[in-house]
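Taking it in order: structure first as C-alpha cells, then the write-up.
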Amino acid sequence: MQILKLTAVSSLVAFMSTVAMAQTSSDATTTQSGAPMTKMAVRAHNKQLSKAVRHSLYSTKGLVASNIAVLVKGGTVSLVGTVPDAPQIQMAADAAKRVPQVETVDNRLTVEEEGGQ
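Those letters in the sequence shown? Residues -22 to -1, 1 to 95, by mature numbering (1 follows the signal peptide of the UniProt record, and there is no 0).
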C-alpha cells in the first residue's frame, strides 16, 4: 500500500514539474525591479521557496510531514500527499503560509486511509 502511495505522489510530482516547465515567458516571475527573471532564476527561486516550505512543515510540532510533497510555481505552493489525521491538513497549510514569499497555498492533502502504512 505504501508503494502505491509513493508511486502516486511521484507521478503527481512528475506531472506538476512538466506543467511548470511549460510556462511561457509571459508567466515568468519578475524581480523586485519589475524585470522578468530568467528561467534559471525562476527555477532557483522555486527551489529555494520549496526548501523553506519543507523546513517549515518539518519544524511544525505535531505535524507528520513525511508524506507531503511540496510543489512551487511562483508564489503558489501546492501541498500534495497524506497526513495521519484531519487537523494536520490545516496545520500544514498554516505552516506553508508562514513562509515569506508564499502568496497562495493549494492544499491537496488527504487523510491517510485506515490501515495504511
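Beta carbons: idealized from backbone N, C-alpha and C, even for Gly.
- With respect to Val48, Val20 sits apart: the two C-beta atoms are not nearer than 8 Å.
- The alpha-carbon of Ala13 is positioned some 22 Å away from that of Val55.
- By the 16-neighbour rule on beta-carbons within 10 angstroms, Ser37 is exposed.
- Boundaries of the alpha helix (DSSP H) around Asn24: 17 to 37.
- Boundaries cannot be given for Ala13, as no alpha helix (DSSP H) includes it and DSSP labels it neither H nor E.
- By the beta-carbon neighbour count (other beta carbons within 10 angstroms, threshold 16), Ala73 is buried.
- Rounded to the nearest angstrom, the gap between the Cα atoms of Ala22 and Gly53 is 13 Å.
- Sequence-distant partners of Val83 (beyond 5 residues in either direction) whose C-beta falls short of 6 Å from its own C-beta, in its chain, are Val55, Ala71, Ala74, Lys75.
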